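Just below is one structure, and these are the notes that go with it.
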Amino acid sequence: MNDRHRHFVRIALITIAAVYILIAVGSSVRATGAGMGCPDWPTCFGQLIPPTDVSQLPENYQEIYRDRGYADVEFNAVKTWTEFFNRLTGVTIGFLSMWTLWAAWRIRRDDRATNGPVFWYALAAFVLVGFNGWLGKVVVSSNLHPAMITTHMVASLLVVASLVLAINHSLRDTLRMSLQGALATRAWLIVGMVLTIVQIALGVQVRERIDIISLSLDYADRASWIAQVGSPLTIHVLGAFMIVGYNLWLGLRVLRQDDNALAQRLAKAMMAIVAIELMIGLSLATLGFPAVLQPLHLMLATIVFGLQMALFGAAQHALGSQAAGTGREADGKA
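Those letters in the sequence shown? Residues 741 to 1074, by our numbering.
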């Protein structure tokens, strides 16, 4: 791997890490009720740098925002700056995605036949980051409509998937499963990714219920929230045990059938994280939904998805190499 490849992989990994941080920060915004800490976009209370004290706002600021459709806007410095940091993280990811796209272009120029997909995946990530930035505006404009928040989350997962696949193609000679069992493993990984996405969606539903309950109680009496969630939480908890068991089995399958060192490390990381994720989820359910654990719970779930996607790419490379070899063999016979 030459310097250009190493540079691309490095910046793409940094961008993925930033997306995970943004997911955690966004979850913190929801957990603390800071979603409307900035009731306008892209400014915050009409300012590029948000105020630190209510005295820096017009005396009739509540009336101004009430006329814009945002009832009961009340300035809170902590919530405002929490949401502002969320936006700054999103802007940083925008610049990082541009840098990743430029690095992918340099690889594409080196060898179009081999590295073309890297550029297109990086371009997809760049477009999705822009789309997600626009969705952030829609989320604020919709006054935190649950469907918009869920779409915002799904778009973030698509950014991760695009960047992971771009890295996979750049490392195709390093991260490639053995041909034995690659077809079946790829299929099981697809099932695992679908289950993970469904589980994240169920978690979002639980989070929406918690939002409604917490708002009705003015974010007090946290210990009582969990009992009021109902069936979505029960389904989510049962699904968690199934997801953990499935991913542990899947990781063991990769360890038994594949001798690629990087693929084995990814499988071990996936197994460890799903186990930690289960413990955090149970802690949330039994400790009264502590706000500090909520961002970590969501971020780890998305990391599991990213690791599954990386292993899927490794299996895809093995099958692609077989297909290419078969094609060359057929051409030779012809």
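We treat Cβ as the ideally placed atom computed from N, Cα and C, and that holds for glycine. Here the structure is a predicted model, which is why all the values come from computation and not from measurement.
Residues bridged to Q787 by DSSP? Position 47 of the sequence shown, counting from 1, holds the residue named residue 787. The partner list for Q787 (beta bridge, DSSP) reads C784.
Determine the direct distance from the alpha carbon of W965 to that of G1028, and round the result to whole angstroms. One-based indexing of the sequence shown puts residue 1028 at position 288. One-based indexing of the sequence shown puts residue 965 at position 225. Roughly 7 Å between the two C-alpha positions.
In angstroms with no decimal places, state the Cα-to-Cα distance between V900 and F815. By one-based count along the sequence shown, residue 900 stands at place 160. By one-based count along the sequence shown, residue 815 stands at place 75. Spanning the two alpha carbons is a distance of roughly 34 Å.
Do the region 933-940 and the region 969-986 touch if we need at least three Cβ pairs shorter than 8 Å? Yes, since at least three Cβ pairs between the region 933-940 and the region 969-986 fall closer than 8 Å, the two stretches touch.
Give the C-beta separation of T755 and S837 to the nearest angstrom, bearing in mind that I take them to be a contact with Cβ-Cβ under 8 Å. As a working note, residue 755 is residue 15 in the sequence shown. As a working note, residue 837 is residue 97 in the sequence shown. Right, their Cβ atoms sit about 6 Å apart.
Please classify N800 as buried or exposed, where buried requires at least 16 neighbouring CB atoms within 10 angstroms. Residue mapping note: residue 800 aligns to position 60 of the sequence shown, counting from 1. Classification of N800: exposed, given that the 10 Å Cβ count is below 16.
Does DSSP classify G765 as helix, strand or coil? Against the sequence shown, residue 765 aligns to sequence position 25. Here the sequence assigns Val to residue 765, which means Gly is not the residue at that position. In this structure, V765 counts as helix in the three-state DSSP scheme.
Going by DSSP in three states, E948 sits in which element: helix, strand or coil? Within the sequence shown, the letter at position 208 stands for residue 948. Note: E948 maps to helix in three-state DSSP.
Just tell me which of L911, W989, V1032, N987 has its CA closest to the CA of H747. Taking the sequence shown and counting its residues from 1, the one referred to as residue 747 is at position 7. By alpha-carbon distance to H747, the top candidate from L911, W989, V1032, N987 is L911.
Exposure label - N1000; buried when at least 16 CB within 10 Å: If you number the sequence shown from 1, residue 1000 lands on position 260. Result: buried.
When burial is assigned at 16 or more other CB atoms within 10 Å of the CB, is M1010 buried or exposed? The residue you call residue 1010 lines up with position 270 of the sequence shown. M1010 should be labelled buried.
On the premise that S768 lies in contact with T822, defined as a C-beta separation below 8 Å, what is that separation, rounded to the nearest angstrom? The residue you call residue 822 lines up with position 82 of the sequence shown. The residue you call residue 768 lines up with position 28 of the sequence shown. At roughly 7 Å, the Cβ-Cβ gap stays under 8 Å, so T822 and S768 are in contact.
If you run the structure through DSSP and keep just helix, strand and coil, what is D807? Stepping through the sequence shown from its first residue, residue 807 is reached at position 67. Looking at D807 - three-state DSSP - the assignment turns out to be helix.
Extent of the continuous alpha helix (DSSP H) to which N987 belongs: The count along the sequence shown starts at 1 and reaches residue 987 at position 247. 971-997 is the extent of the alpha helix (DSSP H) around N987.
Helix, strand or coil for P798 per DSSP? On the sequence shown, position 58 is the one that residue 798 refers to. In this structure, P798 counts as coil in the three-state DSSP scheme.
DSSP three-state call for V1032: helix, strand or coil? For the purposes of this step, residue 1032 is taken as the residue at position 292 of the sequence shown. It is coil, neither helix nor strand.
Determine the DSSP secondary structure at F815, reduced to helix, strand or coil. Translated into positions along the sequence shown, residue 815 becomes position 75. The answer is coil: DSSP assigns F815 none of H, G, I, E or B.
Quick one: is V858 buried, meaning 16 or more other Cβ sit within 10 Å of its Cβ, or exposed? As a position in the sequence shown, residue 858 is number 118, starting the count at 1. Around the Cβ of V858, a 10 Å sphere holds 16 or more other Cβ atoms; the residue is buried.
Quick check on the burial criterion: 16 or more other C-beta atoms within 10 angstroms. Buried or exposed for E803? Here residue 803 refers to the residue found at position 63 of the sequence shown. By the 10 Å Cβ count, E803 comes out exposed.
Would you give the residue range spanned by the alpha helix (DSSP H) that S1023 belongs to? Residue numbering aside, residue 1023 sits at position 283 when the sequence shown is read from its first letter. Per DSSP, S1023 belongs to the alpha helix (DSSP H) from 1001-1026.
For T820, tell me which candidate among L753, T772, R993 has the shortest Cα-Cα distance. Locating residue 820 in the sequence shown gives position 80, counting from the first residue. When each option's Cα is compared against that of T820, the closest is T772.
Return helix, strand or coil for G1065, following the three-state DSSP convention. Working through the sequence shown from its first residue, we reach residue 1065 at position 325. Summary for G1065: the model assigns pLDDT 44, below 50, so the residue's position carries little reliability, and this model does not support an answer.
In its own chain, which residues sit with a C-beta less than 7 Å from the C-beta of A1075, not counting the 5 before and 5 after it? Shown here, the chain extends from 741 to 1074; a query on residue 1075 therefore has no answer.
Inter-residue spacing [alpha-carbon to alpha-carbon] between S1023 and L1033: Counted from its first residue, the sequence shown places residue 1023 at position 283. Counted from its first residue, the sequence shown places residue 1033 at position 293. About 8 Å.
Could you compute how far the alpha carbon of Q1056 sits from the alpha carbon of L992? Position 316 of the sequence shown, counted from the start, is the residue given in the question as residue 1056. Position 252 of the sequence shown, counted from the start, is the residue given in the question as residue 992. Computed Cα separation, rounded: 19 Å.
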